[in-house]
Amino acid sequence: MAGRGVKQQTMSESTLETETETETETGTESESSSVDPKGGGGLRWLEKLSDVPMGKLPPHLEFQRTHVECKADAPLHTDTIQYSGAYASLGVDNSVRMDSFCDNFRVEVMRLTEDDMEFDMIGIDPALANAFRRILISEVPTMAIERVLIANNTSVVQDEVLAHRLGLIPINVDPRLFEFAGNNTPNEKNTIVFKLHVRRKPNEPSSVKSNELIWSPKGSEFLLASEDSKSADTSSKPRTYTSFTCRQDSLPEFSNNAIKVMENILIAKLGPGQEIELEAHAVKGIGKTHAKWSPVATAWYRMLPEVVLLQEVEDEAAEELKAKCPVGVFDIEDIGKGRKRATVARPRGCTLCRECIRGGQQWEDRVSLRRRKNHFIFNIESTGALPPEVLFTEAVKILEDKCERVIADLS
Amino acid sequence: MEHGSFSDHTKSTFSLTDEDHTLANAVRFSLNQDPRVTFSGYSIPHPSDNKVNIRIQTTGDLAADVLKDACQDLMLMCQHVRSTFDKAVVDFKMSER
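Respectively, the protein sequence lines represent chains A and B. Mapping to the working numbering: the first sequence position 55 is 55, numbers consecutive. Take any residue in the second sequence, note its place counting from 1, add 1000, and you have its number in the working numbering.
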């Protein structure tokens, strides 16, 4: 077994070194042609090989495990090797133990503002990084306008289009303070009511912006249709479209903290004399149901790029290389006697456009573009309901809850 | 819900409702890291059904136990990710000041 492992290793090694152009040959032919010349007689070439240290992968396999190599035509080794016994024949354990994960996992925050952050997650599998990304986009809840009661709309914007536009306006309120409504009656714990009543006189500006949506803390003011027909014989309060037991601004979390929507979003334009009067009810939901509930504008990651110069690139070639790169990854340094040499100054900026390795084999021999498989540059852009760092922790909690639910189902 | 044979509990398919690639792919990763697992994979039988089937075959342990351990591992990883992340954010905010 061990012998076979070693042989396979050399074959792939020499294939890497010498046989980049002989891909058209069949597999067996290229293998034998790369092995035979080395040995000459029999398997004597085997003896010349240095021992593979047990418990450690040979460098080329380690490279394949940890890097994606980007060639001019296609990337190589794009898959992640997850199976614990993938390298069992080499005596290498590929499983991730909790303690080794804890030792190796790192987070470095690069940028953090009110609604946007960038951080590096190092030492994690794409399966987990992608789970976090997916949860951020489609499973972290927010509040969004779901029902719109239109009393009057004489604008050119149709009711349904208007309702859709209102739904997409981000609401700056912590969704954790609310419950999912489900089929419950709308109350102060699961619904936010906004009023919009605008009527334009001639010569007034005609735009209706989101600023004119006014939070109505005592709930809906429109009477239920059934109540309208009844005469005022009952002494009890007439029923509206919500049943609030108290005013929302009497609750401690909102008393000094009025609920607002994101400002300066155009809702509609009105002509002289036109009017919109409506009530918008916002409820809690998740992005899976409708994108208006997604708490992020985008959440995305990319693997850390590595740019390596395989040869010294000097003088005209260095100038050419610097000019090739549209994002300015390369720089030129003076090495004396009027000679210049290219250096890799900003590899993180590499977008993998592969412009630098286009233009023939000589460029592919000079520059190697790689991506680290376990180093993610993660970006979160919040829509404003929650700050991005809170969004991420919420997303991780949601994945924990999912696991907990499976465990509970099994026991 | 577990689908398997009555005699052999080391090979089973688990059907999870209201889950998708988010959990299934993460659990598969976690299962693959477990040396007791000989095979693990998942499929979504139909894109309109919100359910996912996770297949597990083990070297001898009960498939349900292995899946439970995989979820447990995943949870521990998440907790570690969360604490590390929170610490990194606090450190960053301190350095900004």
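Idealized CB from N, CA, C, for every residue including glycine.
8 Å Cβ cutoff, B:VAL1089 in contact with chain A = So, interface residue.
A:VAL107 to A:MET303 span [Cα, whole Å] | Answer to the nearest angstrom: the Cα atoms are 14 Å apart.
Grouping DSSP H, G and I as helix and E and B as strand, with all else coil, what is A:PRO202?
-> In this structure, DSSP gives A:PRO202 a state outside helix and strand, which the three-state scheme calls coil.
3-residue-minimum beta strand (DSSP E) runs that sit fully inside the segment 244-325 of chain A, ordered along the chain | Counting whole runs of 3 or more residues, the segment 244-325 of chain A contains the beta strand (DSSP E) stretches 266-269, 275-285 and 296-309.
If you draw a straight line from the alpha carbon of A:ASP115 to that of A:LYS397, how long is it in whole angstroms?
-> It is roughly 20 Å from the alpha-carbon of A:ASP115 to the alpha-carbon of A:LYS397.
Per DSSP, which residues does B:SER1015 bridge with? Please list them.
-> Under DSSP, B:SER1015 forms a beta bridge with B:ASN1053.
Looking at the C-beta of B:ASN1098, does it have a partner C-beta in chain A at a distance below 8 Å?
-> Not covered by the structure: residue 1098 of chain B. The range shown for chain B is 1001 to 1097.
Per DSSP, which one or two residues make a beta bridge with A:VAL68?
-> DSSP links A:VAL68 through a beta bridge to A:ARG371.
Could you tell me whether any Cβ in chain A is nearer than 8 Å to the Cβ of B:HIS1080?
-> Yes, B:HIS1080 lies at the interface with chain A (some Cβ there is under 8 Å from its Cβ).
Simplified DSSP assignment, three categories, for A:SER226 = Secondary structure of A:SER226 (DSSP, three-state): helix.
Which term fits B:LYS1093, buried or exposed, when burial requires 16 or more other beta carbons within 10 angstroms of its beta carbon?
-> If you draw a 10 Å sphere on the C-beta of B:LYS1093, you find fewer than 16 other C-beta atoms in it, and that means exposed.
When you compare only the Cα positions, how much space is there between B:PHE1085 and A:LEU136?
-> Put simply, the backbone Cα of B:PHE1085 is about 15 Å away from that of A:LEU136.
When you compare only the Cα positions, how much space is there between A:VAL367 and A:LYS71?
-> Distance between the alpha carbons of A:VAL367 and A:LYS71 is about 10 Å.
So the beta strand (DSSP E) A:LEU149 belongs to, where does it begin and stop?
-> First-last of the beta strand (DSSP E) with A:LEU149: 142-153.
When burial is assigned at 16 or more other CB atoms within 10 Å of the CB, is A:THR113 buried or exposed?
-> So A:THR113 ends up on the exposed side.
Pull out every residue of the segment 59-87 of chain A whose Cβ sits closer than 8 Å to any Cβ of chain B, in chain order.
-> Listed in sequence order: GLN82, TYR83, SER84 and GLY85.
Jot down the residue ranges of each uninterrupted beta strand (DSSP E) in the segment 71-149 of chain A, minimum 3 residues, whole runs only, in chain order.
-> DSSP runs (the beta strand (DSSP E)) wholly in the segment 71-149 of chain A: 106-112 and 116-122.
Among residues of its own chain, excluding the 5 on either side of A:ALA131, which ones have a beta-carbon nearer than 6 Å to its beta-carbon?
-> For A:ALA131, where only same-chain residues beyond five positions count, the Cβ hits under 6 Å are LEU399.
May I have the straight-line CA-CA distance separating B:GLN1072 from A:LEU270, to the nearest angstrom?
-> Whole-angstrom Cα-Cα distance: 57 Å.
Beta-carbon neighbours of B:GLN1072, restricted to chain A and to distances below 8 Å = Those within 8 Å of B:GLN1072 in chain A are CYS403 and ILE407.
Of the choices A:ALA385, A:GLU404 and A:ALA395, whose alpha-carbon is the least far from that of A:LEU177?
-> The shortest Cα separation from A:LEU177 among A:ALA385, A:GLU404 and A:ALA395 belongs to A:ALA385.
Please confirm whether A:ILE276 and A:VAL208 have their CB atoms less than 8 Å apart.
-> Less than 8 Å separates the beta-carbon of A:ILE276 from that of A:VAL208.
Which one of A:ARG348, A:ARG65, A:ASN152 and A:MET121 has the shortest CA to CA distance from A:ALA280?
-> Considering only alpha carbons, the answer is A:ASN152.
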